[in-house]
Amino acid sequence: MTDEPFPADETRVRQGIAALRDALSAGRDLHITYRSADEGTPVVPGGHGVLWPPLGRLPKRVRGREPLLEQLRTLLGAPDGRVHVLAGLGGTGKSTVALQLADIAVQARRPVWWASAVDAAALSDSLLVLAQALGADDAQVDAARTGRLAACDVLWQALERHRDWLLVIDDADDVAELETAGRTVRDGNGWVRGSRSGLVVVSTRDGDPRHWGRGAELHPVGWLSKEQGGQVLVDLVPWAGDITEAEALAERLGGLALALHHAGSQLASPFAQRQSFSGYQQVLESKGTAVLGGTAGDVDDRAVVGRTWELSLAQLDAAGVGQARGLLRVLAWFAPAVPIPISGLDHEILGRACDSPDPAGVVAGLEALLSVGLIQTSLPAAEGATAEAIAGVMVHPLVAETVREDLDHVETDRAVSAATELLIHATADLQVDKPAHWPAWQKWWAHLEEMLNAAGPLVREPVLANLVCTACVTATMLLWAGSYNASVKISEAALKRLTRLGPDHPVTRPLRRVQAGAYQFVNRLAEADRIYRELLSTASDGNSMESLEIRADLAVVVAEQKRFAEAENLLQELLRDQESALGADDERTLATRYEIARTLAGRGDFAEAENRFRDVLRDQEAWLKPQHPATLATRYEIARVLVKQGDRAEAERLFRQLLKQQQQVLGSDHPHTRLTLRALSGLNEGNIP
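The numbering used here puts the sequence shown at residues 804 to 1492.
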C-alpha cells in the first residue's frame, strides 16, 4: 500500500508512476489518497462520499455555541486521542453543533462521515460500508458481517490508515446500542474509540461519565441564554418583532433550541394565526406546550418537543428504571431552572412517591434522570467532583411544564404532596431569627412560591394548608434576612391561595401580619397601617400576646409615617402592658423601648434618645446577646444620634466597629450592613440614613 500524494508536476508524475509500478510488482495493496495542493490534506473526491452528513438541516447560523465549536475546531486540526461527547437534554441542539463542526470540516476539505446510532444493526451496516470505502478487504468485511471478525476492528484498521478526518456518531442516546462484539463503550475498544488520526464526536442524551469511560471527554450542551435564543428567533423570522420581544419569548421557551426552532417555523408559516413573537407567547401562555407540537414535516419523534422527552423516559422504563418517571413528576413542581438542594431530596419521601421503598432505587432513578438530561446539576459535573460540590439539580422549564400538563388530578396531588413534604422536611429545623440558617432558607423560597402559584389551585386542602403554613414561616424568615420584596411575593401568593381554606383558618392572621411587615419594609406604609388596624379590630383580646405584638408593629408604622406624637403614645401604653405581661427583660419589651428612643430621635430630641438607646443597649447585652441583630440595630442608632449631635469622630468609630460585627453576623449583603456602609460613606457630608 502507498499513501503518497498524487504529484502535480511532470517530473514528480513520472516518479509517482514508478513508485506505483514498484508497489504493484511487489504485490502490496494499492490505495491512492487525494490531497489539496496547499496543505496536503486528504479530501473526498468530488466533495461527497459515503455517510455524508445531513448538512441541509443546518440553520444559516448556530448561536450560542461559539466556545464549544472553537474547542472542537482546534481538536479537528490536532486530535487529542479522546472521544468527544456532546451530551444534554433532548432538544438542546447537540446534533446541530455536530453538523456545524461537520460543515467546518467539509469547508476545510477534510473527509467527514456521519452515522446514526438509533439502531445498532443499522449503525453496524453503516460503519462497515465506511470500512469498505476506506479500503478494507472484502473478505474481512464479509467476515465481520457474519460475526467471524469483530466489525469494530475491521473499521478501525481502515480508519487508522487515514488522517485528518471527522467521524460523527449521532443520536447515541442508548449507550447499549453502541456495544459490539461484547465490548461496551467505556471499554474504549468498540465502535467508539479515541484516535490521533482523526476526531470522533458523539451526540447523546446520556451525560453519565461512567458510561463513556476514561477515554471520553464530555461537553455539556445546555440551554441558550435569552439573548442567544432571541437571536435564534430573529434569524428565523426577522419580521416577527424586535429583539426585546424575541428575547422574552426565548426566555419563556427556556432557551431550548428545538422549541425555538418550532416557534420560528410556526411563525414563518403564512397560515400562522399569530405572526409575532409577542402573539406567539400569548398563545403559549393560554394553550401551554401543546403549541409546540410537530409540524407536518416532522416524522421523527425526536423532532417534536415533548415527545422527545417521552422517548428518554420510555428508554429508562425499558432499562428497568421506571421509578425515574415518578421522581420527575415530583421534581417538576419545584421552580424550573432553579437548583433544588440535593440535601433536601429525602430518599424516604421520594421513595414513597415513586413506589421505590429501597433508597438505592431512588438514587438509581435520580442518576438515570441525570444521565439522560431530564434533570441537570447546577454546576457542570467535573472529573473527581464530589456530591458536596453540586449545589442542586434543576429541571428545564419546558420539561417541567410538559410533565405537569400530562398528569391527571390524582397524579398531580400525589406529586405535589411529595414535593411539599420534601420542602417542609428540608426546612423543619431552620430558625427564622438565626442568621446562620438564612442561606439555607434562601435556597427554598423560590420553590415554595412556584408551588403556591402552580399547584395551589390543584391540590387537596390538607396539602394546601401545609404549603400556606410553610409560606408564613418562610416569609417571616425573609423579613429577618432583609429580603423584603421576596417576603412580599411569598405572603401575597400564600394569601391568594388561602381563600380556599376560608377566612377563619388559623394561619390567616399570622400570614397577614407578615404581609403587613413586608409592606412596611418596602415603604408601603399606608397598606401596612390598614392591615394592622384591621387585625386589632378583630382581635378577641386587646392584651393577648398576638394583640401586643400587632400594637407594637402598628406603632412602628405610625412613627415611620412621621406621626411621632401618636406613635409615642401608642408605644408608652404598649410598654406598660408588656412589662406587666412579659417582664422588663423580654425581647419584645426591649424592642418597644428601642422604638420609643427612635421616636424621640425622629422628633429631634437627640440627647434624650441617646440616653434611652444606651439604656436599651445595656439590657440587650445582658439579656439577649452582644451579637443579636436587635443589639446591632441599637448600636447603629447610637452612632446615628451622635452624628446629629456633632460627635462625628465617636460616631465613625462606632460605625466601623458595627460594620465588622454586621458582616460577621448578618453578612455583607444584608440591608442593615449596607446601611452602615452608606452611613460611613456619607459621614463627611452629614448625610446619614
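Every residue, glycine too, gets a C-beta built ideally from N, C-alpha and C.
Any C-beta of chain C under 8 Å from that of residue i
i, result
"residue 1425", "No chain C is present in this structure, which holds just one protein chain."
Reference residue i; option with closest CA among the options
i, options, result
"residue 1353", "1200, 1331 and 1367", "1331"
"residue 1015", "1048, 890, 1155 and 1132", "890"
"residue 1329", "877, 1350, 1357 and 1304", "1357"
"residue 880", "960, 1002 and 961", "1002"
"residue 1464", "1433, 1279 and 1080", "1433"
"residue 871", "903, 1232, 1385 and 1047", "903"
"residue 1240", "1284, 1257, 1273 and 1256", "1284"
"residue 1122", "1440, 1171, 1264 and 1311", "1171"
"residue 1444", "1411, 1210 and 1474", "1411"
"residue 1448", "1409, 1474 and 1473", "1409"
"residue 771", "1204, 910 and 999", "The structure shown does not extend to residue 771, since the chain is modelled only from 804 through 1492, so no value can be given for it."
"residue 1407", "956, 1368, 1428 and 1395", "1368"
Proximity below 8 Å, CB of residue i to CB of residue j
i, j, result
"residue 988", "residue 995", "yes"
"residue 1111", "residue 1036", "no"
"residue 801", "residue 1144", "In the structure as shown, the chain begins at 804 and stops at 1492. Residue 801 is therefore absent and cannot be evaluated."
"residue 958", "residue 908", "no"
"residue 1381", "residue 1392", "yes"
"residue 1070", "residue 1024", "no"
"residue 1295", "residue 1323", "no"
"residue 1437", "residue 1420", "yes"
"residue 1268", "residue 1281", "no"
"residue 1273", "residue 1230", "yes"
"residue 1483", "residue 1459", "yes"
"residue 971", "residue 917", "yes"
"residue 861", "residue 922", "no"
Sequence-distant residues of the same chain with beta carbon closer than 8 Å to residue i, five excluded per side
i, result
"residue 1261", "1212, 1215, 1216 and 1219"
"residue 1118", "976, 977 and 1175"
"residue 1150", "1162, 1165 and 1166"
"residue 952", "943 and 946"
"residue 1207", "1135, 1136, 1215 and 1257"
"residue 1363", "1323 and 1328"
"residue 1102", "With a pLDDT of 43 at residue 1102, under the threshold of 50, the predicted position of this residue should be treated as unreliable, and no value is reported."
Distance, residue j Cα to residue i Cα
i, j, result
"residue 947", "residue 992", "15 Å"
"residue 1404", "residue 1359", "13 Å"
"residue 937", "residue 961", "6 Å"
"residue 858", "residue 877", "21 Å"
"residue 912", "residue 967", "10 Å"
"residue 926", "residue 933", "11 Å"
"residue 1089", "residue 1082", "11 Å"
"residue 1334", "residue 1302", "17 Å"
"residue 1413", "residue 1446", "11 Å"
"residue 1173", "residue 1134", "12 Å"
"residue 1105", "residue 941", "Model confidence at residue 1105 stands at a pLDDT of 47, short of 50, so the residue's coordinates are unreliable; what they give is reported in the following sentence. Looking at the two C-alpha atoms, the distance is approximately 35 Å."
"residue 1423", "residue 1461", "15 Å"
"residue 1457", "residue 1469", "17 Å"
"residue 931", "residue 919", "13 Å"
"residue 882", "residue 1299", "59 Å"
"residue 1471", "residue 1237", "16 Å"
"residue 984", "residue 1079", "53 Å"
"residue 1114", "residue 1232", "40 Å"
"residue 1425", "residue 1224", "40 Å"
"residue 1017", "residue 853", "30 Å"
"residue 1186", "residue 1012", "For residue 1186, the pLDDT reaches just 38, beneath the cut-off of 50, and the residue's location in the model is therefore unreliable, although a value from the coordinates is still provided. Each residue's alpha carbon lies about 8 Å from the other."
"residue 1126", "residue 1157", "5 Å"
"residue 1270", "residue 1312", "16 Å"
"residue 1309", "residue 1344", "16 Å"
Neighbour-count burial assignment, residue i, 16 or more Cβ in a 10 Å radius
i, result
"residue 1142", "buried"
"residue 974", "buried"
"residue 1365", "exposed"
"residue 1361", "buried"
"residue 1320", "buried"
"residue 1044", "buried"
"residue 1348", "exposed"
"residue 840", "Residue placement at residue 840 is flagged as unreliable, the pLDDT there being 36, under the threshold of 50; a coordinate-derived value is accordingly withheld."
"residue 802", "Nothing can be reported for residue 802: it is not among the residues displayed for the chain, which extend from 804 to 1492."
"residue 1042", "exposed"
Own chain partners of residue i with C-beta closer than 6 Å, once the 5 adjacent residues on each side are dropped
i, result
"residue 1084", "1052 and 1055"
"residue 1140", "1197 and 1200"
"residue 1415", "1400"
"residue 1048", "1080 and 1081"
"residue 1000", "963 and 966"
"residue 1020", "885 and 887"
The ligand FMN heavy atom lying under 7 Å from the CB of residue i
i, result
"residue 1130", "Because no ligand of any kind appears in the structure shown, any question about the ligand FMN cannot be addressed here."
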